[in-house]
Amino acid sequence: MAATHTALDTDALEQLFTEARTHSGWQDRPVTDETLRRIYELARMAPTAVNSQPVRLVFVRGREAKEKLKPALSPGNVDKTMQAPVTVIVAYDTNFHEQMPKLFPSRDMKSVFAAQTPEAREQAAFLNGTLQAGYVILAARALGLDCGPMGGFDKAKVDAAFLQGTGWKSNILLNLGHGDAAKLFPRNPRLAFEDACRLD
Numbered sequence: 001m002a003a004t005h006t007a008l009d010t011d012a013l014e015q016l017f018t019e020a021r022t023h024s025g026w027q028d029r030p031v032t033d034e035t036l037r038r039i040y041e042l043a044r045m046a047p048t049a050v051n052s053q054p055v056r057l058v059f060v061r062g063r064e065a066k067e068k069l070k071p072a073l074s075p076g077n078v079d080k081t082m083q084a085p086v087t088v089i090v091a092y093d094t095n096f097h098e099q100m101p102k103l104f105p106s107r108d109m110k111s112v113f114a115a116q117t118p119e120a121r122e123q124a125a126f127l128n129g130t131l132q133a134g135y136v137i138l139a140a141r142a143l144g145l146d147c148g149p150m151g152g153f154d155k156a157k158v159d160a161a162f163l164q165g166t167g168w169k170s171n172i173l174l175n176l177g178h179g180d181a182a183k184l185f186p187r188n189p190r191l192a193f194e195d196a197c198r199l200d
């Protein structure tokens, strides 16, 4: 029997959205492997086109792994990334269709995607992988972590250092941990409903 859903309470909405912030400073508190596993297990349940699930996550921890990542970072992202307990390489798998017999067993979607051009498959992987990046952020926040998503990095360098030979391509970097509220900047404005939405 399907569950009856109700709106989340104010505290939950604040944690996920209205009071959540993009963090650049981090407390010296670890993030456990179990928490990282739970982030993925939550994020994988959200929708993607024909359940394609192309997101792939590399959890970069430890000094050696961070030093390997460092040369790919834009200058403004170095200090906060080196300080963060975990930096996630949120990637997408250009060969995601190989998993379709497992993920969509009611129809032969592997053949459908295999018949497309590599460019079309990559576009599908990028689109759905980007959608899943948002789910990863919400899952991390739901589990009590703070996030710092970044686009300022050299994707070719990240791919060469961490993803070579996999068919995975980096999309965004995501710092995870317990943010240092003292290092937050004032929150920037958001567009009003009337500026960004239409009721047709």
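Be aware that the sequence shown starts at 1, since it is given in UniProt numbering, and climbs by one per residue.
Ideal placement from N, C-alpha and C gives every residue a C-beta, glycine not left out.
Cβ shell of residue i (< 7 Å), same chain only, five flanking positions each side left out
i: Leu176; result: Val31, Ala84, Pro85, Val86, Val88, Ala140, Leu145, Cys147
Where the alpha helix (DSSP H) through residue i begins and ends
i: Met109; result: 109-114
i: Val136; result: 118-142
i: Lys66; result: 62-69
i: Val158; result: 155-158
i: Leu103; result: 100-103
i: Met82; result: 78-83
i: Leu35; result: According to the sequence as given, residue 35 is Thr; it is not Leu. Looking at the DSSP string, the run of the alpha helix (DSSP H) that includes Thr35 is 33-43.
i: Thr10; result: 10-13
i: Glu194; result: 193-196
Environment of residue i [buried if 16+ CB atoms lie within 10 Å]
i: Glu14; result: exposed
i: His97; result: buried
i: Leu199; result: exposed
i: Arg63; result: exposed
i: Phe113; result: buried
i: Arg187; result: exposed
i: Arg29; result: exposed
i: Ala76; result: Per the sequence shown, residue 76 should be read as Gly rather than Ala. The residue in question, Gly76, is exposed, as its Cβ has fewer than 16 Cβ neighbours within 10 Å.
i: Met109; result: buried
i: Glu8; result: The sequence given here has Leu at residue 8, not Glu. Exposed, because fewer than 16 other Cβ atoms sit within 10 Å of the Cβ of Leu8.
Euclidean distance between Cα positions of residue i and residue j
i: Gln116; j: Tyr135; result: 27 Å
i: Gln27; j: Ser111; result: 48 Å
i: Lys169; j: Thr94; result: 7 Å
i: Ala133; j: Ile172; result: 8 Å
i: Glu34; j: Glu194; result: 42 Å
i: Pro47; j: Arg38; result: 17 Å
i: Leu127; j: Pro118; result: 14 Å
i: Arg107; j: Ala65; result: 40 Å
i: Pro105; j: Gly179; result: 41 Å
i: Gln99; j: Val78; result: 35 Å
i: Ala43; j: Leu131; result: 10 Å
i: Glu19; j: Thr10; result: 10 Å
i: Pro149; j: Leu174; result: 4 Å
i: Met45; j: Leu16; result: 17 Å
Residues near residue i by beta carbon distance below 6 Å, same chain, minus five either side
i: Leu36; result: Phe59
i: Arg21; result: Leu184
i: Gln123; result: none
i: Ala12; result: none
i: Met82; result: Lys66
i: Ile137; result: Cys147
Residue i: first and last residue of the uninterrupted beta strand (DSSP E) it sits in
i: Lys183; result: Per DSSP, Lys183 belongs to no beta strand (DSSP E) and is neither H nor E.
i: Met150; result: 146-150
i: Thr87; result: 86-93
i: Leu174; result: 168-177
Same chain only: Cβ atoms within 8 Å of residue i, ignoring 5 sequence neighbours per side
i: Leu191; result: none
**Cβ contact (3+ pairs, closer than 8 Å) linking the stretch 148-159 and the stretch 59-73** = Judged by pairs of C-beta atoms under 8 Å, the stretch 148-159 touches the stretch 59-73, as three or more such pairs exist.
**Three-pair Cβ contact test at 8 Å for the stretch 155-167 versus the stretch 44-52** = No, they do not touch.
**Message:** Does the contact criterion of 3 or more C-beta pairs under 8 Å hold for the stretch 54-68 versus the stretch 87-106?
**Reply:** Yes, the stretch 54-68 touches the stretch 87-106.
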